[in-house]
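All the letters of the sequence shown, read from the start, carry residue numbers 304 to 393 under the numbering used here. Where is the CB? At the ideal position from N, CA and C, for every residue including glycine. If you're wondering where the values come from, they're calculated on a predicted model, not measured in any experiment. In what follows, a single structure is set out as structure tokens and then discussed.
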Amino acid sequence: RRRGHLVGLAGLPKGAEGDDVVLHSVPIKLFHEVESIGGALVAWAAALLDKSLLLPPDIIDVEYGLDSVNAGLDRMRNGEISRGKLVVKV
């Protein structure tokens with residue numbers, strides 16, 4: 304049986320772990336400051352993307368301009384943006 308893996312650098316969604324998903328937490332500071340950890344994660348993600356084993360999240364909506372960043376974050380907190388990403392074009 305195959306299991307999915309979710310690696311969180313800034314946090315993990317509550318209730319996401321189950322029989323088919325394993326959650327991993329890597330503190331963002333380690334990712335940026337310890338080259339062996341950050342480099343390994345980037346190489347692993349790149350290899351998975353190349354093989355289509357890792358898919359980027361769908362774009363749910365697009366906002367425009369730096370003025371829309373806070374409103375976009377509020378939309379994410381309120382659950383309006385779920386299972387995808389909000390893009391802000393600047």
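Taking residue i as part of the beta strand (DSSP E), name the residues at either end of that continuous run.
{"i": "Val-365", "result": "362-367"}
{"i": "Lys-388", "result": "388-392"}
Taking just the CA atoms, how far does residue j sit from residue i?
{"i": "Leu-369", "j": "Arg-304", "result": "44 Å"}
{"i": "Val-391", "j": "Ser-385", "result": "16 Å"}
{"i": "Pro-316", "j": "Ile-363", "result": "18 Å"}
{"i": "Ser-339", "j": "Ala-349", "result": "15 Å"}
{"i": "Asp-353", "j": "Ala-343", "result": "15 Å"}
{"i": "Arg-378", "j": "Gly-387", "result": "12 Å"}
{"i": "Leu-358", "j": "Leu-351", "result": "8 Å"}
{"i": "Arg-306", "j": "Val-365", "result": "31 Å"}
Mapping the DSSP letters down to three states, classify residue i as helix, strand or coil.
{"i": "Ser-371", "result": "helix"}
{"i": "Leu-395", "result": "There is no way to answer for residue 395, as the model of the chain reaches only from 304 to 393."}
{"i": "Leu-356", "result": "coil"}
{"i": "Leu-333", "result": "helix"}
{"i": "Leu-376", "result": "helix"}
{"i": "Gly-307", "result": "strand"}
Closest to residue i by CA distance: which of the options is it?
{"i": "Leu-312", "options": "Arg-306, His-335, Glu-320, Asp-322", "result": "His-335"}
{"i": "His-327", "options": "Val-337, Gly-341, Leu-309", "result": "Leu-309"}
{"i": "Val-393", "options": "Gly-387, Asp-353, Val-372", "result": "Val-372"}
{"i": "Tyr-367", "options": "Gly-375, Gly-321, Asp-361", "result": "Gly-375"}
Which residues mark the beginning and the end of the alpha helix (DSSP H) in which residue i is found?
{"i": "Ser-398", "result": "The chain is shown only over 304 to 393; residue 398 falls outside these bounds and no answer can be derived."}
Please confirm if residue i has its CB atom under 7 Å from at least one CB of chain B.
{"i": "Leu-389", "result": "Although the question refers to chain B, the structure presented lacks it and comprises just one protein chain."}
Sorry if obvious, but does the Cβ on residue i come closer than 6 Å to a heavy atom of the ligand COA?
{"i": "Val-337", "result": "For the ligand COA, the structure offers nothing, since it holds no ligand at all."}
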